[in-house]
Amino acid sequence: MNIFVNDEETRIEPGQTLASLLADLTGGRPVAVAVNDTVIRQDEWPDYRLQAQDRVLVIAPVQGG
Amino acid sequence: MKTEPLKIAEHTFQSRLFLGTGKFGSNQLMHDAVVASGSELVTVALRRVRLQEQEDEVVSHLQIPGVNLLPNTSGVRTAKEAVLAAQLAREALQTNLLKLEIHPDPRYLLPDPIETLAATEILAREGFIILPYINADPVLCKRLEDAGAAAVMPLGAPIGTNQGLQTRAMLEIIIEQSTVPVVVDAGIGAPSQAAEAMEMGADAVLVNTAIAVAGDPVVMAEAFKMATLSGRMAYEARLGNVSKAAEASSPLTAFLGQE
Numbered sequence: 024m025n026i027f028v029n030d031e032e033t034r035i036e037p038g039q040t041l042a043s044l045l046a047d048l049t050g051g052r053p054v055a056v057a058v059n060d061t062v063i064r065q066d067e068w069p070d071y072r073l074q075a076q077d078r079v080l081v082i083a084p085v086q087g088g
Numbered sequence: 651m652k653t654e655p656l657k658i659a660e661h662t663f664q665s666r667l668f669l670g671t672g673k674f675g676s677n678q679l680m681h682d683a684v685v686a687s688g689s690e691l692v693t694v695a696l697r698r699v700r701l702q703e704q705e706d707e708v709v710s711h712l713q714i715p716g717v718n719l720l721p722n723t724s725g726v727r728t729a730k731e732a733v734l735a736a737q738l739a740r741e742a743l744q745t746n747l748l749k750l751e752i753h754p755d756p757r758y759l760l761p762d763p764i765e766t767l768a769a770t771e772i773l774a775r776e777g778f779i780i781l782p783y784i785n786a787d788p789v790l791c792k793r794l795e796d797a798g799a800a801a802v803m804p805l806g807a808p809i810g811t812n813q814g815l816q817t818r819a820m821l822e823i824i825i826e827q828s829t830v831p832v833v834v835d836a837g838i839g840a841p842s843q844a845a846e847a848m849e850m851g852a853d854a855v856l857v858n859t860a861i862a863v864a865g866d867p868v869v870m871a872e873a874f875k876m877a878t879l880s881g882r883m884a885y886e887a888r889l890g891n892v893s894k895a896a897e898a899s900s901p902l903t904a905f906l907g908q909e
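Residue numbers (our numbering), protein chains in the order written: chain A, 24 to 88; chain B, 651 to 909.
Structure follows, in structure tokens:
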């Protein structure tokens, strides 16, 4: 099934969790995540199962004033 | 020499120089400038992760004893976007501190007062410690204070311009009226301007571009540290009055026998 990660269409396995998606994509960098505009806490990632067409926003801290 | 500590919500700061981390040539240079500045509160931005790229991770370079992170919401254009950004920032950095900035205009990056006030009202209810970046508008500052802002951050000049305290007259009114700390943010381009803001009674200054783009950012960070402290010391020592007519500082009578 397909989801959108930072607006990029991404194919994942049905039932894949947010934790496994992020492990693949972020390489362990500190990030925060919202799915369909709702922030998902890190302790919820292992049990959070993604649905087709979900819009996943992944952000990380960067330099900035 | 120590000055009075600054309190923002439950946080206490000895340094009144806040530092932005943008525009540094490298994370190591940023780290060294933060250390040299003595700052205890430094900003970071949030960006979408570029999934296909290996990006240098910034937070590990800012894990310096005594330094707190202040995430900003730069890049959002509305209160709704700001609320989501704030929630993400809290999750990413495990802090309720937030520099709220909403600037839809890309040319001058001037903050949107209406969206900023709306976001402050929402985020204060969610327990954030909000430091809104705003225009130097005394009425708006009072409204933000009433809405739950923990401090106000009026601009001296547009972001990154190094123009100094172009809004000085309005900053003086804001400082006079505010019951929350006033942090002069944006536009401060030289240590003397930081000292000027502190002498006026600002509670702190936030500096980024002037340090990051200096020929030697680390030395400039130390210069700002000294200027901010100097300005605060002068404020606490109370400056003399300004007068139009001369007031002699030497005796004018009994010179060479004249009475």
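Just so it is clear, CB atoms sit at the ideal spot from N, CA and C, and this is done for glycine as well.
Does any residue of chain B have a CB that is nearer than 9 Å to the CB of residue i?
{"i": "Pro37/A", "result": "no"}
{"i": "Thr49/A", "result": "yes"}
{"i": "Ile26/A", "result": "no"}
{"i": "Val58/A", "result": "no"}
{"i": "Gln65/A", "result": "yes"}
{"i": "Ala83/A", "result": "yes"}
{"i": "Arg52/A", "result": "yes"}
{"i": "Gln86/A", "result": "yes"}
{"i": "Ala73/A", "result": "It is worth fixing the name first, because residue 73/A is Leu in this sequence and not Ala. Answer no: the Cβ-Cβ gap between Leu73/A and chain B never drops below 9 Å."}
{"i": "Leu80/A", "result": "yes"}
{"i": "Glu32/A", "result": "no"}
Can residue i and residue j be called in contact, C-beta distance under 9 Å?
{"i": "Val28/A", "j": "Leu701/B", "result": "yes"}
{"i": "Phe874/B", "j": "Ala844/B", "result": "yes"}
{"i": "Tyr885/B", "j": "Glu826/B", "result": "no"}
{"i": "Pro808/B", "j": "Ala683/B", "result": "no"}
{"i": "Phe668/B", "j": "Ala854/B", "result": "yes"}
{"i": "Ala75/A", "j": "Ile26/A", "result": "yes"}
{"i": "Ile772/B", "j": "Pro761/B", "result": "no"}
{"i": "Gly670/B", "j": "Leu856/B", "result": "yes"}
{"i": "Ala774/B", "j": "Ala801/B", "result": "no"}
Output yes if chain A places a C-beta closer than 9 Å to the C-beta of residue i; else output no.
{"i": "Val699/B", "result": "yes"}
{"i": "Ser724/B", "result": "yes"}
{"i": "Gln737/B", "result": "yes"}
{"i": "Leu734/B", "result": "yes"}
{"i": "Leu696/B", "result": "yes"}
{"i": "Asn785/B", "result": "no"}
{"i": "Glu707/B", "result": "yes"}
{"i": "Lys875/B", "result": "no"}
{"i": "Asn812/B", "result": "no"}
{"i": "Pro721/B", "result": "yes"}
Based on DSSP bridge pairs, tell me the residues matched to residue i.
{"i": "Pro721/B", "result": "Val694/B"}
{"i": "Arg72/A", "result": "Thr40/A"}
{"i": "Val85/A", "result": "Ala695/B"}
{"i": "Met803/B", "result": "Tyr783/B"}
{"i": "Val79/A", "result": "Val28/A and Val58/A"}
{"i": "Arg52/A", "result": "Partner(s): none; Arg52/A has no beta bridge."}
{"i": "Asp835/B", "result": "Leu805/B and Leu856/B"}
{"i": "Thr33/A", "result": "Ile26/A"}
Report back the beta-carbon spacing between residue i and residue j to the nearest angstrom; my notes put them in contact at under 8 Å.
{"i": "Thr693/B", "j": "Asn722/B", "result": "5 Å"}
{"i": "Leu821/B", "j": "Pro804/B", "result": "6 Å"}
{"i": "Gln86/A", "j": "Ala695/B", "result": "7 Å"}
In this structure, does DSSP put residue i in helix, strand or coil?
{"i": "Ile26/A", "result": "strand"}
{"i": "Phe674/B", "result": "coil"}
{"i": "Thr811/B", "result": "coil"}
{"i": "His661/B", "result": "strand"}
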